[in-house]
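A.B. asks: Numbering (this note's numbering), first residue to last: 1 to 102. Backbone N, C-alpha and C fix where the C-beta goes; we use that ideal spot for every residue, glycine too. This structure is a prediction, so every number in the text was calculated from the model and none was measured. I have a structure here, written as structure tokens, and I will follow up with some questions on it.
Spelled out as structure tokens, the structure:
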């Protein structure tokens, strides 16, 4: 699983803000621009990066596109984080058992 692209995409504060907004409700570029302190071209560029990373999807709606958080992209990140967390808990359990045997 390659999570480098989603992690890099979410490293930018503006992209995280866009992703958080889209996680709550789908929106057009204009609707996002109205809620953020960045220009429409900047929002569009950030959406392109989020889409390429698999975190956002879009659907046509007349002359505009509606963007939404992509659950599959988020699931990929969650799976990776969960695997790391499982390893941490396993190491903690091993350390606790070792300390209990002292």
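Which residues mark the beginning and the end of the alpha helix (DSSP H) in which residue 51 is found?
C.D. replies: 40-52
A.B. asks: Could you check whether residue 67 and residue 9 sit closer than 8 Å to each other, using their CB atoms as the reference points?
C.D. replies: no
A.B. asks: Does the stretch 42-57 come within contact of the stretch 11-28, defined as at least 3 CB pairs closer than 8 Å?
C.D. replies: yes
A.B. asks: With a threshold of 6 Å on Cβ separation, who are the neighbours of residue 65 within its own chain once the five nearest residues in sequence on each side are excluded?
C.D. replies: Cβ neighbours of residue 65 within its own chain (closer than 6 Å, five residues either side excluded): 58.
A.B. asks: Can you tell me whether DSSP reads residue 14 as helix, strand or coil?
C.D. replies: helix
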